[in-house]
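So that you can map any letter, position 76 of the sequence shown is 76 in the UniProt record's numbering, and since no number is skipped, the others follow by simple counting. To start, the structure itself, in structure tokens.
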Amino acid sequence: GKTLILIGANTRLGFEAAKHFVKMNLARLVLTARVGKKGTEALTRIQQETGYRKAELWIIDLANLSNVITFTDRTIGHPLRGDWHGDLGVAYKQLRSWMFAIRMIPKLFQTSRKRSVILRLMIVASDVYYWTTIDNGVIAGLSMLENLSDKDNCTKEVMNHRYFDSKWLNVLVACSLQLHVLSFLPITVMSVNPGFYGSHAEGGRAMLFSTEERSRQLVYGAVGLLDDEEKLRGKFIQMSEVVEKCNFVTSKDGKIVQDKVWGEMLDILGKIDPKVPDVAKAYLK
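The following block contains the structure:
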């Protein structure tokens, strides 16, 4: 009987997860895609393969910050905003997802209060974040996110593990968002690792999982442990269970970096979108 907004539901993990979710008597599924044609095709496939007729398509391109603003405003009936133009750099690519998460908090609170339910917000991560190493000079700089995007920190060698860094940042932000959400807000934030999947798995290699099998991790993040919500808050989920975060994230230095990333993120997003400081003031501590 709930509504689900599934970002990137027109293909692969998102599409397979959507098929699982619609079997759970969803009142409404908001399926998103970057391109209208691909989204419409996915919507048709959902209807054909599951018989579910309550799905609708919304367009969102996380590469476009003004599009993120438009999408989240739509969820709560706010007017559309103008475009924002700027170069966010390499590290800032994660800001698109973080902005979406923060801007959805008022709607989550509104829904939870109206329906008397606990709502969940999942940020997709990966266990490759265990392998990341950030140079101490980057961490010690005035702005860690700006340092990560500096051309001197975007060499070929560094960029080989930038994907690992991005997932590490997602884990940090999920932890921080849960930590800073006011206690009266019935919202659970977590980071989820779907795991490695792809055509090799579907070709028969036993050590890999199919796309459909990996999509179940997203389902677990949404509906698993409903009787023990506290166990999931701010946690990293893998193979349908809470797993220990890497040593650095749980260390004293890791906490310092987490707070640094959180503060820089709010500062940067606040300059892009005036609604972010409003949300922070009303719903975050």
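C-beta: ideal position from N, C-alpha, C; glycine also.
Would you grab the beta carbon distance between V192 and L218 for me? Rounded to a whole angstrom, and I think it's under 8 Å.
-> 6 Å
With distances taken from CA atoms, which of I7, A125, T132 and S210 is nearest C175?
-> A125
Would you say the region 51 to 65 touches the region 131 to 140, given that touching needs at least three Cβ pairs under 8 Å?
-> no
With a cut-off of 8 Å on the beta carbons, I'd call Y197 and S210 a contact; round off their distance for me.
-> 6 Å
Pick from A282, D227, K252 and T11: whose alpha carbon is nearest that of V117?
-> D227
Would the beta-carbon of G39 fall within 8 Å of that of L31?
-> yes
Closest by CA to Q258, which one among L179, V276, P186 and M159?
-> L179
Using only alpha-carbon positions, find the residue among D73, K231 and V171 that is nearest to Q94.
-> V171
Who are the near neighbours of K54 in its chain, counting only those whose CB is closer than 6 Å to its CB and skipping five residues on each side?
-> R28
Using only alpha-carbon positions, find the residue among I105, Y220 and G14 that is nearest to R34.
-> G14
Over what stretch of residues does the beta strand (DSSP E) that includes N193 continue unbroken?
-> I187 to N193
Nonlocal neighbours in the same chain, by C-beta distance under 8 Å from P106, ignoring five residues either side | I76, V279, A282 and Y283
Could you say which of Y129, I69 and R162 lies nearest to V249 if we only look at CA atoms?
-> Y129
Using the DSSP secondary-structure output, state which residues sit across from Q238 in a beta bridge.
-> N193 and E241
Are the region 148 to 156 and the region 259 to 267 touching, with three or more C-beta to C-beta distances below 8 Å?
-> no
When L43, G8, M99 and L4 are compared against P274, the one with the closest alpha-carbon = M99
Should H20 and S149 be called a contact, given that it needs their Cβ atoms to be closer than 8 Å?
-> no
Quick one: grab the DSSP three-state call for T11.
-> coil
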